[in-house]
Each structure stands twice: as structure tokens, then as C-alpha cells.
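In what follows, a single structure is set out as C-alpha cells and then discussed.
Protein chains: 2
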Amino acid sequence: MTTSSLPLQKALQAVDILNEKGIDLWLTFVRETSHGGDPILPVIYGSTGLTWPSALIITCSGQRIAIVGRLETAAARATGAYDEIIPHDTGITAPLRETLARLDPQQIAVNISKNDVLADGLSWGMYQTLLDILAPTPYAGRLVSAEGVIAALNGRKTPGEVERIRAAVKFTAQIFNESFAKIRPGMSEKQIAGLLHDQTHRRGLDYAWPVESCPAVNAGPDSPMGHSGPTDTILQRGHLLHFDFGVKVEEFCSDIQRMVYFLAPGETQAPAPVQHGFDTVLHAIQAAAAAMKPGVTGAEIDGIARSIVTGGGYPEFMHGLGHQLGRHAHDGGGMLGPRWEKYADLPDRPLEASQVYTLEPSLYVPGYGVVGLEEDVLLTEHGVEYLGEPQTTLILK
Amino acid sequence: MTTSSLPLQKALQAVDILNEKGIDLWLTFVRETSHGGDPILPVIYGSTGLTWPSALIITCSGQRIAIVGRLETAAARATGAYDEIIPHDTGITAPLRETLARLDPQQIAVNISKNDVLADGLSWGMYQTLLDILAPTPYAGRLVSAEGVIAALNGRKTPGEVERIRAAVKFTAQIFNESFAKIRPGMSEKQIAGLLHDQTHRRGLDYAWPVESCPAVNAGPDSPMGHSGPTDTILQRGHLLHFDFGVKVEEFCSDIQRMVYFLAPGETQAPAPVQHGFDTVLHAIQAAAAAMKPGVTGAEIDGIARSIVTGGGYPEFMHGLGHQLGRHAHDGGGMLGPRWEKYADLPDRPLEASQVYTLEPSLYVPGYGVVGLEEDVLLTEHGVEYLGEPQTTLILK
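So the protein sequences, as listed, match chains A and B.
For reference, each letter of the first sequence is one residue, going 1103 to 1499 in the working numbering.
For reference, each letter of the second sequence is one residue, going 1103 to 1499 in the working numbering.
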């Protein structure tokens, strides 16, 4: 399980996808990637940055060419993904024009997309610069979106990528379990988050998203929801305790939500409204998972879970049912969500085998707190496989 | 020296700059910033991410408005930089149109630039989405580039930002000195880099750029140059040893190069070609620093250093003399460089007070290795101030 060969594996996968999509050439055009860069770059180039204007070219006939600043020639070679490295000194215009003239593509797919952040790595300025470079050539008129290529490439996880996610899910379960054993009423959300941080540090792991809200911790009915991080709210008996947490293993993420209920004095089981909330969320996840198969759209799956939650007597959750998971907790591409403006066309995309999704419906039980579970699942030709043990009973403390 | 108030300080500074530049309104428009996002976001919003389509608006009359997904309302407020937070649930179109109609700006500066990566955070897709949103309004025709606003805002460091860089430079000097005491001929470049890594970990610091080439280490004449990181090349007596290294303190970077010469048996001082190379680089830095003042262009300063190196009998260095330094080692905006295509208009920009630059000429001494020094300097109204002790004599071991 080394990362070194992943960019080559993905570059070769991209060649197959270009043939499947009928696209001659895919061009990733970047500069000064320490400022954010193109989100597909880690997939096809690894963690190494590119400083000067640089072009990564993959063709349907299998050519893999990197045009980079001369000082980054060795680093480009070290990615293992490119068999031709073309250095430039003062500007990329000449070598890029020469390379495209030699390859003479009918379509050049570039990283532009209104729908998908992962396929939209070309900035406005770099797009204009590319048009300037191509203006005197036949190629300025041959630009198309690489949206479909990128969605397929990043969505269809290789076995090595799935193993990394599975490892991250496993560590997450360990961290939850060891932390749960130490949580006591009277602790604040921040102290509880600290227990998970200790466990994460002990294992030398990174967080799946910024530590300020990783984990999110919600203790009881008055905890503020959202991405704002744990507060000084004190966990009390009679509270639901909710976690949203993930770690990174070799650059790949988990994203898991778990629920614990702290019995009030005299209680031996969760109160009926709490149990009903938990059961509703669990049922929504199980029904959605059962319906997932290649070809179904994300909106259909979202609708199944959403109607179970509303059918249980709760307002609909104001977020998508789930997103793809990989190098990022929100890994781009098609999602399980309603057709809301902010999701663009992502809920309309058909699911594909080898994609990894989260399933994360939520609801609120007045007087007790938020109920949210989140499971990570791999879609296969035959349905879904849970990446780790799902939570099917409410933990009582 | 807390980071919490920086986004507010910078947002208020932006108000002044909008007035100076005669621009009504500055709009930063982002989504899913965990995928890279807009490089100006940390400056005006801090380290918190934004998940759903979000708009940060700063006006010349001092309004500071964040339109964000509802689950990120509290996080937006916690930045301290925005006095109006407008949540949205399913899409940003309606609240963004309403807000712009209320403010009715004559110009809307957006983050698009062919020249400067730091001012080019708007992706192609988000630019098109913005045009779609504004199509039925008078505002689609009022978009201008925020390039000048961003260059001024990020370039003109506040005293708090300068103090962070100064602290990073100070730690870098400590790490160099403690590592130099332990380096022996017979060690590999990788082992030498490990000494600096140990010192960095011991201080709990982050690296200024990816650890694979932080530090860069070049031992002797056969070490490969560039951004590819330390190799198994063995340091020997009679070798020049060159470092390029930086750390981060509270998100701000240092970027320093240092030189050591390992005396060959019988030598009591550096050989004449080595000393001449060192003196030439030192002279180039000192002459460039002496000429730096507000209003001079980066190309002029670069030319001074470049002609000293070529006048010393060496080929010109195939990189710029220096770049701005801040949250990134390469911090965007105007640079000290030649008018090469890859630098766009950045070398033509006049220097401004409160900017921080590196000065890093280099040359190669056949038989001994690369000579490169790099100093970090603050430009004031009166000239430059070195942020830390510059290296003025070749260290002999």
C-alpha cells in the first residue's frame, strides 16, 4: 500500500476513460499550485507541486506528457506517471504549441465545469492564458470540458484507493470506541473532541477535514448545528451525543457519524422519541443502501431516505443524503442529493460501480438533540458493501 | 500574536484599498474550498472552509457581508470579519441578487487575473455561474478584475503579519545553526535534511513548502538542482553545501538559503573560485537590497543582481531574483524578476512599502557546487530591512 504508484495507475486509468468517452486528449494546465491548484492534480501527479505554468497531457493512445519548468523536471519524472517530460525555461507557449501540433487532437478536454468543483480546476486566468496560447493554432476551437473524464477517473476507485478508505474507516471506529469508554456527563463538547484528538495523534493520523470541526460534537438539544466546531456546551444525562468525524490514511478519508445516548436517572433504555429518531435514521440509511446500484441516480436514492425521515414525522434534512468519499471528505462528482440549485447537475448523475459514498440522513429530537448516523459504502455491480461495521443500535451510557 | 483578528484586520484594510482604487464592491465567490478554493480566502476569512456556494462581499463604504450555507453561519460569524451573515439553504442565487440590488455597485471586482495566481481564485465554472446568476440584473456588465485590490491587500503586510514572518525567519536561523553543528562529511543529503526535520519537529513547526524538498539540500558539484528534494549524494570535503529552507509560524513563512563549505585536507580557507562565487552572490543581494524602494519595478531590481552575476563571469540564473513572502513561500503579486513570458506582468509592478520579498540570486562553481543565498527583506518607505541576520561570510567547516 504505497502511494508512489497511484499517479501512474490513475494516469493509465485515464487513458481507458478517454477511449470510453471518445476524447483524444486531456490537458491539465496549472501554475503555482501551492495556492490551491487544480483538485485533480493529486490524483494524476501526486503530492508534488508545480510552480511555473505547466501542462499535463494524457492522450487516448496512451501518451503521458508533462511540460514543466526545468527545475521541476526531476520531480515530474519521480511521479512515475509521465513517460515524456518536456522542460521549459522562460515560458510554456512554444513547447505547448509544439506538443499539441505533434499530437493534433480533435478534442482537448480541459478542467472546466459549472457542476463539479473537482472538474473545475482551471481558473479564469489560466483559461484565458490557454486561449491566448492557442489563438494562432487550430486548437482554440477544440476545447471541451473534461467533466466526464474527471468524474469517472476520480469516482471509480482502484482497489488500492478503496483499501486506504477502508483503513481510514477502521481507524475511525477504533478512535470512536476508545473515546466512548472515557466520555462522562459533565464534560464539554470541546473536552470530548479532545479525547478523539488524543486518539488520532496517538496513531499519527491526519484529520479528514479541518480540525476545528473534526470531530463535530453535539451534546444535547441546545448544541449549535453546523460546521462551527465543538463548543463549551456540557454533556448531561438525558442528552443525545452526536459525532461527525473522519481521518486520513495515506491521503484517503473516512467520514463517519455516531450516536450515544446518556441515560437519565431512572432510565434503563432510551426514551421513545429518541429511539424513534434513531430507528428512523437507521431505516433511512438501510433503505437507501438497499436501493443503490449502478445506473440509479443520486436524486432517486436521496429521495428514498428523505421520504423515510419525513414519513417518520420529521422535517426533511436540509443537506444531501451523501457525497462521494476519497482524497477529500467531499470528493466531488455525482452525489446523493435533492435537485436543489446548489447541487447543480450532481444529483442527476447515474451511480457507477467502484464509487464510494457516504449515507448521512439526520433529524432533530426536541429536548434530546440531533440524530445523525453516517456510513461509508462502496458501490459494486451488485449493490453496496459497507466499509466497516455500521452502527445499528443506539449506544447507551 | 493571535490569528483570530487577522481576517478582520485584512477586511478593514480592504475597505481602505477599495477607496484608494475607486472600486465600489469586491466579491469573492467560492464553493467546496477543501479542494483548493480561492488563495485569498485565508486572508479575508481565515482557515475555516466554505462548503456550499458562498459570497464574501466587502464594499468601499465598509460593509462586510458573508452569504453562506446555513450550516456555516456560526463559522462565518466566528471569523470576526463580517458584520452581516446571510444564510441560504438550497441556492445562493436569490440572496446574492438581493444583496447586490441593495448595494447597487457600479463596479464588482472579482478574483480573475491572467498575471497573478493569488488574484485568480475564481474558477472558470464559478465565473460562468456568476454570469448566470447576474444575467437578469444590471451587474453582469459591471465585473472588473480585483487584481489590484488583492495585490495591495496581500502585499502590504500588517505589523502582525510581519512579526509572524520575522518569527519564522528567527526559527529558521536557529534550525540552521543547530543543524550545522551536527553535519559531517560522509552524510547523505537525505541524512542532512533529516537533521533539519528533527529540529523543526522539536519546535512543533510546519514547513513553508512540501517536506519532500523542504529543505532542499545540495552537496557538491554533482547534486541535481531544482525542486526534487535531497538525494543519496554523499557530502565530501571540498564540497559546497547549499540549503533552501523555510518554516511556518502561525501560517506565515520564511524562505532562506544558506551556504557552508567543507574544507578539503590541507585547506585553511575556501578555494578562490568558491570565494569568488560566494562574494558575487552576496554582492548581488546587497546591491539589489540597496536599490529597493517604493516605486521601483521588480524588473529593475532583478536586473541589478543579474548583471552582477553575469559580470562576475557566470551564466545568468534561470529564475527570478525574488518573490513576495507571506502565507506562502511564493506569495503572489509583483516579483523581482526578468520580463520572461512565464512571469506575465509581475516584474513590471512598482514595489510598495510593507511588502516582504526574498532576494535569492544563484550561480554554479564547477567542481564545487551551487552557490545560492536567500534573504527575506521588508520594504519600508526608506529602503529595506533584513528580517533576520543575513549571511555575509561563507561558513567553513
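Note that CB positions come from ideal geometry on N, CA and C, so glycine has one too.
Does residue i come within less than 8 Å of chain B when only Cβ atoms are used?
i: Lys1123/A; result: no
i: Thr1104/A; result: Residue placement at Thr1104/A is flagged as unreliable, the pLDDT there being 43, under the threshold of 50; the coordinate-derived value follows with that caveat. Thr1104/A does not count as touching chain B.
i: Gly1139/A; result: yes
i: Arg1172/A; result: yes
i: Thr1260/A; result: no
i: Val1383/A; result: no
i: Ser1325/A; result: no
i: Lys1444/A; result: yes
i: Ile1188/A; result: no
i: Lys1292/A; result: no
i: Met1437/A; result: no
i: Arg1133/A; result: yes
i: Ala1283/A; result: no
i: Val1473/A; result: no
For residue i, count the other beta carbons within 10 Å of its own beta carbon; 16 or more makes it buried, fewer makes it exposed. Which is it?
i: Leu1129/B; result: buried
i: Asp1346/A; result: buried
i: His1344/B; result: buried
i: Lys1350/B; result: buried
i: Glu1174/A; result: buried
i: Ala1203/B; result: exposed
i: Gly1379/A; result: buried
i: Thr1104/A; result: Reliability of the predicted coordinates at Thr1104/A is poor, the pLDDT of 43 falling under 50, and the value obtained from them is presented with this limitation in mind. Burial call: exposed.
i: Lys1292/B; result: exposed
i: Arg1304/B; result: exposed
i: Gln1371/B; result: exposed
i: Asp1334/A; result: exposed
i: His1430/A; result: buried
So, under 8 Å CB-CB, residue i and residue j are touching, yes? Tell me the CB distance rounded to an integer number of Å.
i: Leu1461/A; j: Leu1423/A; result: 6 Å
i: Val1467/A; j: Leu1342/A; result: 7 Å
i: Ala1177/A; j: Tyr1184/A; result: Wrong, their Cβ atoms sit about 11 Å apart, outside the cutoff.
i: Ile1214/A; j: Asp1222/A; result: 6 Å
i: Ala1248/A; j: Val1219/A; result: That pair is no contact at about 13 Å.
i: Tyr1147/A; j: Thr1181/A; result: 5 Å
i: Gln1301/B; j: Ile1277/B; result: 4 Å
i: Met1361/B; j: Leu1453/B; result: About 27 Å separates the two Cβ atoms, so there is no contact after all.
Name the two residues that bound the continuous beta strand (DSSP E) containing residue i.
i: Ala1321/A; result: 1318–1321
i: Ser1325/B; result: Careful: Ser1325/B lies outside any beta strand (DSSP E) and carries neither H nor E.
i: Trp1128/A; result: 1127–1132
i: Leu1461/A; result: 1458–1461
i: Ile1188/A; result: 1186–1190
i: Val1398/B; result: Val1398/B -> no beta strand (DSSP E), and no H or E assigned at all.
i: Tyr1488/B; result: 1485–1488
i: Ala1211/B; result: 1210–1212
i: Tyr1466/A; result: 1464–1467
i: Gln1338/A; result: Unbroken run through Gln1338/A: none, as it is neither H nor E.
i: Gln1359/A; result: 1358–1363
Starting from residue i, follow the alpha helix (DSSP H) in both directions and report where the run begins and ends.
i: Lys1292/A; result: 1291–1304
i: Glu1314/A; result: Looking at the DSSP string, Glu1314/A is not in any alpha helix (DSSP H), and its letter there is neither H nor E.
i: Lys1350/B; result: No alpha helix (DSSP H) holds Lys1350/B; the beta strand (DSSP E) holding it covers 1349–1351.
i: Val1145/B; result: 1143–1147
i: Arg1266/B; result: 1261–1282
i: Ala1254/B; result: 1249–1257
i: Arg1199/B; result: 1195–1205
From the beta carbon of residue i, is the nearest beta carbon of chain A less than 8 Å away?
i: Gln1230/B; result: yes
i: Asp1308/B; result: no
i: Ile1210/B; result: no
i: Gly1575/B; result: Outside the displayed range of chain B (1103 to 1499) lies residue 1575/B, so it cannot be described from this structure.
i: Ser1225/B; result: yes
i: Gly1193/B; result: yes
i: Gly1405/B; result: no
Please indicate yes or no: does the CB of residue i lie closer than 7 Å to some heavy atom of the ligand COA?
i: Gly1306/A; result: The ligand COA is not among the ligands present in this structure, which contains no ligands whatsoever.
Is there contact here, the stretch 1398–1406 of chain B with the stretch 1237–1244 of chain B, by at least three beta-carbon pairs under 8 Å?
no
Any 3 or more C-beta pairs closer than 8 Å across the stretch 1386–1395 of chain B and the stretch 1350–1362 of chain B
no
Is the stretch 1451–1468 of chain B close to the stretch 1278–1287 of chain B, with three or more CB pairs under 8 Å?
no
So, does the stretch 1311–1331 of chain B touch the stretch 1265–1273 of chain B, judging by three or more C-beta pairs under 8 Å?
Cβ pair count under 8 Å is below three, so no.
Report yes or no: do three or more beta-carbon pairs, one from the stretch 1409–1421 of chain A and one from the stretch 1487–1497 of chain A, lie closer than 8 Å?
no
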